[in-house]
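Worksheet: the structure to be examined is printed underneath.
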Amino acid sequence: MSLFSAVELAPRDPILGLNEAFNADPRPTKVNLGVGVYTNEEGKIPLLRAVREAEKARVDAALPRGYLPIDGIAAYDSAVQTLLLGKDSPLIAAGRVVTAQALGGTGALKIGADFLKRVNPNATVAISDPSWENHRALFEGAGFEVVNYPYYDAATHGVNFEGMLAALNGYAPGTIVVLHACCHNPTGVD
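Per the UniProt record's numbering, the sequence shown starts with residue 1, numbered consecutively.
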């Protein structure tokens, strides 16, 4: 018996399935609104000039290619903290802020979920309704119970602010609430 014989395949991601349906659609006037990636008229991801210039500057700098420190690039960490909390933040001054660099949003949520399970193991996690489905999977995979709070109002195409606040105010102290800082996924509504 294989070590992996009991492993079940995860369900297909419905949003990524939209991309497959888009690719199979023969209509020339189709528009791909499924996955949040910018493409040109040919469906290709263009290399934006700003990205090309940043890559060239990085190559021209001839920086070392070794491993980064475990907490990442210190100057980047400091800049992120200042951006989020302000240059005069008492939390930063008191050394109470830690920045962890990760590979993308999903990687950051995985690090956060695992850390939060260690420090608050009996908490419930609240995610928006709707939410990107991997958010639920990451927190359930870390061992949390996950609940939804109201977020999107289909009638107004906006945030159901009153419903969201009512739900958040009803949660027990210590509940972990996942908020999207900007461009809510999957609605795009802030």
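Beta carbons are placed, not taken as given, at the ideal position from N, Cα and C, and that holds for glycine. Source: prediction; values computed, not measured.
So who's on the other strand from Tyr67, going by DSSP bridges? Here the question's residue 67 lines up with position 67 in the sequence shown. Beta-bridge pairing links Tyr67 to no other residue.
Beta-carbon contacts of Leu18 that lie in its chain and below 6 Å, excluding the five residues immediately before and after: By 1-based counting over the sequence shown, the position of residue 18 is 18. Counting only Cβ-Cβ distances below 6 Å, and skipping sequence neighbours, we find Gly34.
Could you have a look at residue 235 and say whether DSSP puts it in helix, strand or coil? The structure shown does not extend to residue 235, since the chain spans only 1 to 190, so no value can be given for it.
Taking only the alpha-carbon atoms, compute the straight-line gap between Tyr149 and Glu55 and give it to the nearest angstrom. Counting from one through the sequence shown, the residue named residue 149 turns up at place 149. Counting from one through the sequence shown, the residue named residue 55 turns up at place 55. Going from the Cα of Tyr149 to the Cα of Glu55 covers about 40 Å.
Taking the alpha carbon of Val125 as the point to measure from, which residue in Ala108, Glu145 and Lys110 has its own alpha carbon closest? Locating residue 125 in the sequence shown gives position 125, where the first residue counts as 1. The shortest Cα separation from Val125 among Ala108, Glu145 and Lys110 belongs to Glu145.
Out of Leu83, Leu138, Ala166 and Ala154, point me to the one whose CA is closest to Ala10's CA. In the sequence shown, residue 10 corresponds to position 10, counting from 1. The shortest Cα separation from Ala10 among Leu83, Leu138, Ala166 and Ala154 belongs to Leu138.
Measuring CA to CA, which of Glu162, Cys183 and Asn120 is closest to Trp132? Mapped onto the sequence shown, residue 132 falls at position 132. The residue with the shortest Cα to Cα distance from Trp132 is Cys183.
Rounded straight-line distance, which links the Cα of Val178 to that of Gly86: Residue mapping note: residue 86 aligns to position 86 of the sequence shown, counting from 1. Residue mapping note: residue 178 aligns to position 178 of the sequence shown, counting from 1. Roughly 22 Å separates the two Cα atoms.
The alpha helix (DSSP H) spanning Val147 covers which residue range? For the purposes of this step, residue 147 is identified with residue 147 of the sequence shown, where counting begins at 1. Segment Glu145 to Pro150 is the beta strand (DSSP E) holding Val147; no alpha helix (DSSP H) there.
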